[in-house]
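J.: Below are the structure tokens for one structure; questions will follow.
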Amino acid sequence: MMMKPTLLTTLAATTATATELLLPLYQYPADNGGAWQPIEDALTANPSLTAKIIINPNNGPGEGPSQGINDPQYEAGGKLLAAHANAQLLGYVHTSTDGGATRCTVPWADVEADIRTWATWVDAGVAMRGIFIDEAPNNSVNPECEAYMQNLTTLIRTDAELVEKFGPQPVVVFNPGGTGQLQPYYEMEPDYIVALETCFTVPEHAGGDYDQCPATGVYEIYDHDGPGSSIDNVLFPSVGEANAARTAVLVHGFHHFNGPTANLTATEAVLEELVGAVVQRGIGATFFNTRGYHAFEDEPATIGVVADVLNAANAA
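Here it is in structure tokens:
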């Protein structure tokens, strides 16, 4: 359960490097990659905005003739996205065998095999640049998990075969999905830790096929005490402002409103305020979406609008 926000604090604008787009792309590419055209258009329209895009065919690289790189749709779509100089593609792996209830339980041989499978995409002409590790350890300090994650990070960044495929500085992103005792993982120096992944809308407007937000259950309703409040009151007290540049914030369910306190309605103007607050606080990467991981054209937070707003916030 996430912490209850307290008082809103205001941080001065920083001179940190620009906030990147971190896009969880679990959508099937279809039509020779045509389903990903809105993402391509957003990258083209905002050449100064850099994006890390997580490809996930099937909780990993997929296997068999009709999944992953063996599927010509993924090959076509991956090549189109990777051709953008401002985009880096990351392959999805995960550490949990029970949907995140426990972490670091996927056998080493299996997760290593998935990482090496992602490297084979490079042989097919899709420039993969690193790995996104989902269901990473959260809310605890466990020596076995620390060793597991450190070994994964070292493998990705130093294995000669992987470095040859991914490039001289392979990207590593951890996704614990929430705040907690994460400092040992920051000390491993991943590019980012997704230390806050949550939803904007209230539970009564969440769930179903519309978004990733649970219609039942408790989550941090994003910025329900005003723009920047979830970072100030939930994220920073847990992970520290010093880790901002290595932290990512992902927000789903940008529709309806976020509760009676701030009562912010999901409009493009409000999106500008929320994204501006993320950038002002020096957060390294972010993503807002109306729905979840499989659809990016629903208003108001279409991928084109989010890219435009983030690019403008970085330039402000």
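Mind the numbering: the sequence shown is residues -18 to -1, 1 to 298 in mature numbering (1 follows the signal peptide of the UniProt record, and there is no 0), read in order.
Positions of the beta carbon are idealized from the N, C-alpha and C atoms, including for glycine.
None of the values given here were measured: they were computed from a predicted structure.
#1: Could you tell me the boundaries of the beta strand (DSSP E) in which Phe270 lies?
#2: Using CA coordinates, which residue listed in Thr272, Gly241, Glu126 is at the minimum distance from Glu186?
#3: For Ile35 and Ala58, I'd like the C-alpha separation in whole angstroms.
#4: Looking at the unbroken beta strand (DSSP E) that takes in Phe156, where does it start and where does it end?
#5: Whose CA, out of Gly15, Ile265, Asn121, lies closest to the CA of Gly82?
#6: Can you find the residues in the same chain that come closer than 6 Å, C-beta to C-beta, to His66, ignoring five residues on each side of it along the sequence?
#7: Hey, Val257 and Phe270: beta-carbon distance below 8 Å or not?
#8: For Thr284, which residues in the same chain have their Cβ closer than 6 Å to its Cβ, ignoring the five residues on either side in sequence?
#9: Sorted by chain position, which residues of the same chain lie with C-beta nearer than 6 Å to Thr99's C-beta, five sequence neighbours on each side aside?
#10: Could you tell me whether the Cβ atoms of residue 303 and Leu3 are closer together than 8 Å?
#11: Closest to Ile138 by C-alpha separation, out of Ala106, Gly162, Val93, Asn157, would be which residue?
#12: Rounded to whole angstroms, what is the Cα-Cα separation between Ile97 and Thr243?
#13: Tell me the rounded alpha-carbon separation between Thr247 and Lys61.
#14: Take Tyr130 as the anchor and find which of Pro150, Arg85, Gln163 has the nearest alpha-carbon.
#15: State the DSSP-derived secondary structure class of Asp280, mapped to helix, strand or coil.
#16: Could you give the first and the last residue of the continuous alpha helix (DSSP H) run that contains Thr135?
T.: On the basis of the data shown:
#1: Start and end: 267 to 270.
#2: Relative to Glu186, the option among Thr272, Gly241, Glu126 whose CA is nearest is Gly241.
#3: A direct Cα-Cα distance of roughly 15 Å separates Ile35 from Ala58.
#4: Unbroken beta strand (DSSP E) run through Phe156: 153 to 157.
#5: Among Gly15, Ile265, Asn121, the Cα nearest to that of Gly82 belongs to Asn121.
#6: For His66, the CB contacts under 6 Å within the same chain, skipping 5 residues up- and downstream, are Leu25 in chain order.
#7: For the pair Val257 and Phe270, the CB atoms are nearer than the 8 Å cut-off.
#8: Once the five neighbours on either side are set aside, Thr284 has no close Cβ partner at all.
#9: Excluding positions up to five away in sequence, the list reads Pro43.
#10: Absent from the structure is residue 303, since the part of the chain shown begins at -18 and ends at 298.
#11: The shortest C-alpha separation from Ile138 is found at Val93.
#12: About 44 Å.
#13: In this structure, the alpha-carbon of Thr247 lies about 37 Å from that of Lys61.
#14: If we check each option's Cα against that of Tyr130, Arg85 comes out closest.
#15: It is coil, neither helix nor strand.
#16: In the DSSP annotation of this structure, the continuous segment of the alpha helix (DSSP H) that includes Thr135 starts and ends at 125 to 140.
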